[in-house]
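Note sheet for the following structure.
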Amino acid sequence: MVSPTIDWFRQDLRLADNPALAAAVARGGPIIPLFVLDASAAGAWAPGGASRWWLHHSLAALRDALADRGAWLVLRHGPATEILPRLAAEVGAGAVMWNRCYEPWAVARDTGIKARLKRDGLAVESFNAALLAEPWTLATKAGEPFRVYTPFWKALQARDVARPQAAPTRLSPAEAVAGDDLDAWGLLPTRPDWAQGLRDTWQAGEAAAAARLGAFLDEALDAYVEDRDRPGVDGTSRLSPHLHWGEIGPRQVWHAVVQRAHAKGQEPLSGAAGKFLSELAWREFSMHLLAHFPELPERNWRAAFDAFDWRDDPAGLAAWQQGLTGFPIVDAGMRELWATGWMHNRVRMIAASFLVKDLRIHWRAGEAWFWDTLVDADLAANAASWQWVAGSGADAAPYFRIFNPVLQGERFDPDGAYVRRWVPELAALPDAWLHKPWRAPADVLAGAGVAVGTDYPHPIVDHGEARARALAAFAELKQVAS
DNA sequence: TGAAATGTTGGGGCG
DNA sequence: ACGCCCCAACATTTC
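For what it's worth, my numbering labels the leading residue of the first sequence as 26, then goes sequentially.
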C-alpha cells in the first residue's frame, strides 16, 4: 500500500493545470491537501486585508472542489517549517508535493523545508504552476536576466508554452486529519465589515476564474486594444486576483487565448490576442524580476534613486488614499480601489504617477497602500509596477514622463462614465468640466449643484507647479548621480 | 503605457 | 499679383 502524499497548496488554489496535484495523484496513495496560514515567514508581506478576504473565499471554493472529488482540505496555521515535518510524521506521509512560489521569503522558507523533509526520508518535489517560463530558463545572450521588457517578450514568444493538464476526476481520500476551521482564521473583516463592495464585485475560486476568462474572451477580447484603456468600459479581463492565487494559471490563459484566435482565423501573437498576451507577459516579467532581484519590493532597482528628494507629506498621502485630491480621475480610481479592492490599470498608472510625481511621496508608501487594499496584491507585480512608475525600476518610464491627470481623464474617460460612477458628487457636471471642476464657470457649477471646496475638494496641488518641482528634483538627482 | 515647448508649414486675410 | 502676418495644424524636441 502506497503511503499518503501531502499536496501543499499555496498560490495554486486550483485542480486543473496543477502539476503538484497531478504528481500526487500519479503516486497512487491517499492524498492530503494542505494549506498553511503562515504569517511568520512573510514578515511585512503577509497578505493584506483585501487579499485575506479573497483567500478566505478561494480556500472555501477549493475545499468544496476537493470534497467533490473525495478529498478533504486540511487547514493548519503557524510556521510551515514546523507544520510540514510534523504533519508528515503524523500521517506517515511518504511524499510532499508543491508548486513553487517566487517571493524571496517563500524561496528561503521552502528551500529549508525541502531539505528537512528529504533528510526525514520523504520524496519531495516542486513544480511550476505560476509561470509560462521559469526565471532561470530565460536569459539574454550574455546569460543575464532580462532588464528590458521588449526583448524579454520576444524571448518568451519564441518558447513553447506547456499545455495545461486537466483536473483529476477522483482523489483517493486519506484517513481523517485534524485541521483548523476556516472561519476561525478570521480572514474576513468584522467590526467593521468593509467587504460589501468586494462581495458585490468578485467571485473567488477556480470555477469563477474559468467563467471570467470565458466571458472576457466572448465579450471583450475583440475590442481589447482600445477598450483596455477605458476605465469606464468593462474592457479588461479582471483575471489578476484569480491569477495571483492561482485559481487559474498563465498556461491556461495563454492556450485559451491562442485557441480563440485560431478559431477566428487570426494570428494569436498579433492583434487583440497578442496585445492581451503581452500584458500577461508583463506579469511574467515582474515575477522574473523579483526572482532575480529579491530586494525589488524594498529598494530602488536603480540605486541612483536612493538620493531622490522624496517629500514627507502625511496629509497628502491621506488625501490620495481617501480619493480627496481634487483631481477627479485620481479620486475615482482611489475610491474604486477602496470600494472593490481593484483599480483599472490605466487609472493605477495615473494615480501612481500623481503620488510619486505630483506629491513626490515615496513609491513605497503607494506600494504599501496597494498591498493592503488590492484583491490582486502580488509582491512582484506591485513592486515592479510602482518602481516602473517612479522611474526607479526596470525598463521604467523615464522620469520626465509625468501624467497630467486632467488630460488623462479627458482622453481615457471622455464621456465621464468612470468619474461619474466613483465621484458622484460631480455627476451633474457637463463633460467639458468634469475632469477640471475648479476651472468651471460659476454658473456651470451652480447648475450642477457643485461647490468646489465644499462638495468636492480644491486640487491639493497645482499640477503645472508640481510637475516643475518634480522635474527639478529629478534634475538634481541626475547631478548627484553623475 | 506623456506633456509641454518649440519649430515648421500652409491657407487665408489684408494692404 | 504679391508679400506679409497670423495662426491652426502638425511635427519635432525637450523636459
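Here a beta-carbon is modelled for each residue, glycine too, at the ideal position from N, C-alpha and C.
In the three-state reduction of the DSSP assignment, residue 26 falls in the coil class, being assigned neither a helical nor a strand state.
Collapsing the DSSP output to three states places residue 152 in a strand. The continuous stretches of alpha helix (DSSP H) do not include residue 124, which lies in the beta strand (DSSP E) extending over residues 120–124.
When the five nearest sequence neighbours on each side are left out, the beta carbons in the same chain lying within less than 8 Å of the beta carbon of residue 106 are those of 66, 134, 137, 138, 141, in order along the chain.
Ranked by Cα distance from residue 421, the first of 187, 431, 429, 410 is 410. Leaving aside the five residues that flank residue 149 on each side, the residues in its chain whose CB is nearer than 6 Å to its CB run, in chain order, 121, 139, 142, 143. DSSP, read as helix, strand or coil, puts residue 331 in helix. With the rule of 3 Cβ pairs closer than 8 Å, the region 76–92 does not count as touching the region 171–187. Contact check for residue 274 against residue 42 passes: the beta carbons are separated by less than 7 Å.
Between the beta-carbon of residue 271 and that of residue 36 there is about 5 Å, and that keeps the pair under the 8 Å contact cut. In the three-state reduction of the DSSP assignment, residue 56 falls in the strand class. In this structure, the CA atom of residue 321 is about 36 Å from the CA atom of residue 441. In the three-state scheme derived from DSSP, where H, G and I count as helix and E and B as strand, residue 163 is classed as coil. For residue 99, the uninterrupted beta strand (DSSP E) run begins and ends at 99–102, by DSSP.
Take the alpha-carbon of residue 378 and the one of residue 197: they are about 52 Å apart.
The alpha-carbon separation between residue 345 and residue 185 amounts to approximately 43 Å. Boundaries cannot be given for residue 263, as no alpha helix (DSSP H) includes it and DSSP labels it neither H nor E. In the structure shown, residue 238 adopts helical secondary structure according to DSSP, grouped into three states. A residue is called buried when at least 16 other Cβ atoms come within 10 angstroms of its Cβ; residue 438 meets this threshold and is buried. As DSSP reads the structure, residue 481 sits in a beta bridge with 477.
With distances taken between CA atoms, residue 170 lies nearest to 314 out of 269, 314, 249, 489.
Distance check between residue 414 and each of 100, 343, 326, 472 places 326 closest, using alpha-carbon atoms only. Here the region 392–408 makes no contact with the region 203–221; the two share fewer than three CB pairs at distances below 8 Å. Scanning its chain for C-beta atoms nearer than 7 Å, with the 5 sequence neighbours on each side dropped, one finds around residue 418 the residues 326, 409, 412, in chain order. Going by DSSP, residue 137 is part of the alpha helix (DSSP H) stretching over 129–144. DSSP, read as helix, strand or coil, puts residue 273 in coil.
Distance from the CA of residue 294 to the CA of residue 276, rounded to the nearest whole angstrom, comes to 15 Å. Residue 309 and residue 34 have their C-alpha atoms some 21 Å from each other. Annotation for residue 60: 34, 84, 98, 100 place their beta carbon closer than 7 Å to its own, counting only its chain and skipping 5 residues before and after.
About 5 Å separates the Cβ atoms of residue 361 and residue 447, confirming a contact at the 8 Å cut-off. Of the candidates 368, 86, 201, 201 places its Cα closest to the Cα of residue 115. Around the Cβ of residue 425, a 10 Å sphere holds fewer than 16 other Cβ atoms; the residue is exposed.
Under DSSP, residue 62 forms a beta bridge with 102. Exposed is the label assigned to residue 173, since fewer than 16 other Cβ atoms lie within 10 Å of its Cβ.
A direct Cα-to-Cα measurement between residue 459 and residue 373 gives close to 19 Å. Assignment of residue 31 by DSSP, reduced to helix, strand and coil, places it in the strand class.
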